[in-house]
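Read top to bottom, the protein sequences are chains L and D.
Going left to right, the first sequence walks through residues 12 to 256 as the numbering used here numbers them.
Going left to right, the second sequence walks through residues 177 to 402 as the numbering used here numbers them.
The C-beta atom is built at its ideal place from N, Cα and C for all residues, glycine as well.
In what follows, a structure is listed as structure tokens, so that the remarks can point back to it.
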Amino acid sequence: MATWTWFHRLASPPHVYAFARRWTPWFGGFAALAMGAALYGGLVLAPEDYQQKDAFRMVYVHAPTAWLSLMIYTTMAVAAAVGLIWRMKVAHAAAAACAPVGAWFTVAALGTGMLWGKPMWGAYWVWDPRLTAELVLLFLYFGYMGLRAGIEDPVKADKASAVLAVVGVINVPIIKFSVEWWNSLHQTATVMQMGKPKMDFDMLWPLLLMFLAFALYFVAVLLIRLRAELLRRERNASWVREVLA
Amino acid sequence: MKTTPLAAARLVAMRDLRLAFRKPSQVIQPLMFFMIVATLFPLTLTPEMSRLRDAAPGVLWIGALLSSLLALEFLFRDDAVDGTLEQFALSGQSLTWMLFAKTCTHWMLTGLPLALSAPIAAAALGVSVGAMVGVVASLALGSFAMSLVGAIGAGLTLGARRGGVLLSLLTLPLAVPILIFGARATQLAITGGDIAPPMYLLGAIAVLGVTLAPLAAAAAVRIGLE
């Protein structure tokens, strides 16, 4: 069926390699543009928060990184499931390319959260449910990368880590719920409740634009890593020699 | 006549039980490890009973978790090395059912004895006798859920070098919910509260584990055997 050719092409490493090479500058370029505009909007145009003053501007990095850390884990699990179900090598390569990027986004979300926590909560680290769940997510990434590194045979490593990614993604909501339940029982008075205040539009649009910018940036980095991953995996194939000649 | 999946599972369980009775060290050693860990806490924290009682849920659960991780390493490893698992996979029987039987037997041989002997450690930490039923029940249910989750990790690390550390790295983040609800149930049992809510949640995790974990473990073992 003609409508499925795009899907079958996704299974061909040279095709995906060429696609990634063509599109990386576009995603990267638009990411840079959107990030520049969002930074200007967030740091200059947006008014300061009546309670948190300028410290609230951390949200423009913190929220998108936290959001992406979870989205990349989901992307990784979907790619891994596609690789398991349709035995698609490219999907396994994409899942492998996702993991380090996702782990770094998680570290960035934790780091910016700590920097934000110091002026707001008076401490770099509090056992807030969101921080704790993010930390467990980082450990899930470590487990995934550890399993991948621990198995010598690349085909086995792909499949085993794919099963782990799928199991992990089922577990993420349970972890999230349990951590919130745990924290509501041990809530201390020092933790300031961060409700969901209505955000002014002047504050909101740079945030949404920043989400877009980080997502585009993720795709650009993913495509670069995917190319490297494909070259490494297909190093004995003839198309690699042609591409690199 | 073809053996039914349940009959095959029963045979696997009987085999594992028989092996364990002939080599009891694999049952006793995790228990001894649990007792030693429980002894280390008074030495590092305080010998004062009232403060130990506050720490008791954490001590019991972390001890149980570490002990079950140690035991999980041998859930599939010996059978993978001598080719038994390969025969299971080739037998034409449902690997899912056989691994489920292995996991349940493993819990009967490690998790259940641990839960039953936990009152000794708990009493040493100043927990009153009235709380023991709750302590045993929460540890029994929690260790069952832990065995199911751990079976996936044990299957996945079959093909890996240095499987032990990796198994902990994979399993511990997945076990966070079990630890939270389980420790909460034990804490409520010690303070005389109603342990039903966390026990229900722990039971829900165990039920989810029963339905999904054997499938994932079978997939993982197949990959490891390829």
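For residue i: DSSP bridge partner residues
i	result
Ile-371/D	Beta-bridge pairing links Ile-371/D to no other residue.
Lys-167/L	In DSSP, Lys-167/L forms no bridge with anything.
Asp-60/L	Lys-64/L
Leu-162/L	The displayed chain sequence assigns Ile, not Leu, to residue 162/L. In DSSP, Ile-162/L forms a bridge with Ala-336/D.
Sequence-distant residues of the same chain with beta carbon closer than 6 Å to residue i, five excluded per side
i	result
Gln-204/L	In this prediction, Gln-204/L has a pLDDT of 48, which is less than 50 and means its spatial position is unreliable; nothing more can be read from the coordinates.
His-103/L	Gly-94 and Asp-169
Leu-233/L	Ala-108
Arg-260/L	No information on residue 260/L is available, as it lies outside the stretch 12 to 256 that chain L covers here.
Exposure of residue i, with buried meaning 16 or more beta-carbon neighbours within 10 Å
i	result
Pro-36/L	exposed
Met-46/L	buried
Pro-349/D	buried
Thr-179/D	exposed
Thr-201/L	A caution first: Thr-201/L carries a pLDDT of 42, below 50, which makes its placement in the model unreliable, though a value can still be read off. Exposed, by the Cβ-count rule.
Pro-353/D	buried
Lys-64/L	exposed
Phe-197/D	exposed
Ile-296/D	exposed
Phe-320/D	buried
Glu-240/L	buried
Pro-206/D	buried
Pro-390/D	buried
Val-183/L	buried
Thr-387/D	exposed
Ile-96/L	exposed
Trp-17/L	exposed
Gly-318/D	buried
Cut-off 7 Å between Cβ atoms - residues of its own chain near residue i, not counting five sequence neighbours on either side
i	result
Leu-343/D	Leu-245, Leu-248, Glu-249, Gly-329, Ala-330 and Thr-333
Asp-192/D	Lys-278 and Thr-281
Ala-119/L	Thr-76
Ile-83/L	Cys-109, Val-112, Gly-113, Phe-116 and Phe-229
Pro-181/D	Gln-269, Ser-270 and Trp-273
Gln-363/D	Pro-233
Leu-79/L	Phe-116, Phe-225, Ala-226 and Phe-229
Other residues of its chain near residue i: CB distance less than 8 Å, five sequence neighbours each side excluded
i	result
Arg-253/D	Ala-330, Leu-334 and Gly-339
Ala-265/D	Leu-271, Val-397, Arg-398 and Leu-401
Leu-146/L	Leu-121
Leu-241/D	Met-322, Leu-348, Ala-351 and Leu-355
Arg-244/L	Pro-24, Lys-100, Ala-104 and Pro-165
Anticipated Cβ contact below 8 Å, residue i with residue j, distance rounded
i	j	result
Trp-173/D	Ser-243/D	In the structure as shown, chain D starts at 177 and stops at 402, and residue 173/D therefore has no counterpart that could be examined.
Ala-361/D	Met-375/D	5 Å
Leu-346/D	Leu-255/L	Rounded, the Cβ-Cβ distance is 36 Å, inconsistent with contact.
Gly-53/L	Arg-68/L	6 Å
Phe-210/D	Leu-301/D	Going by Cβ atoms, the distance from Phe-210/D to Leu-301/D rounds to 13 Å, so no, they are not a contact pair.
Leu-227/L	Phe-38/L	5 Å
Gln-263/D	Ala-184/D	Actually they are not in contact, since the Cβ atoms of Gln-263/D and Ala-184/D sit about 12 Å apart, beyond 8 Å.
Ala-392/D	Val-178/L	5 Å
Val-70/L	Leu-218/L	6 Å
Ala-144/L	Ile-186/L	6 Å
Pro-130/L	Ala-66/L	5 Å
Val-180/L	Thr-123/L	That pair is no contact at about 24 Å.
Leu-275/D	Ala-382/D	Rounded, the Cβ-Cβ distance is 16 Å, inconsistent with contact.
Residue i: CB within 7 Å of a non-hydrogen atom of the ligand ZN
i	result
Leu-149/L	The ligand ZN is not part of this structure, which contains no ligands at all.
Neighbour list for residue i in chain A, Cβ cutoff strictly below 9 Å
i	result
Arg-338/D	The chain labelled as chain A is not found among the protein chains of the depicted structure, namely L and D.
**Prompt:** Counting only runs that start and end within the stretch 179-221 of chain D, where is the alpha helix (DSSP H) found for 4 or more residues in a row?
**Reply:** Fully enclosed alpha helix (DSSP H) runs of 4 or longer: 181-198 and 201-220.
**Request:** Any chance you could list the alpha helix (DSSP H) runs of at least 4 consecutive residues sitting entirely within the stretch 220-270 of chain D, in chain order?
**Result:** Segments of the alpha helix (DSSP H) lying fully in the stretch 220-270 of chain D: 225-257 and 260-266.
**Within the stretch 52-140 of chain L, ranges of the alpha helix (DSSP H) (whole runs, at least 4 residues)** = Within the stretch 52-140 of chain L, the alpha helix (DSSP H) runs of at least 4 residues that lie entirely inside it are, in chain order, 70-97 and 100-132.
**Message:** Going residue by residue through the stretch 291-348 of chain D, where are the continuous beta strand (DSSP E) segments of at least 3 residues, counting only ones entirely within it?
**Reply:** none
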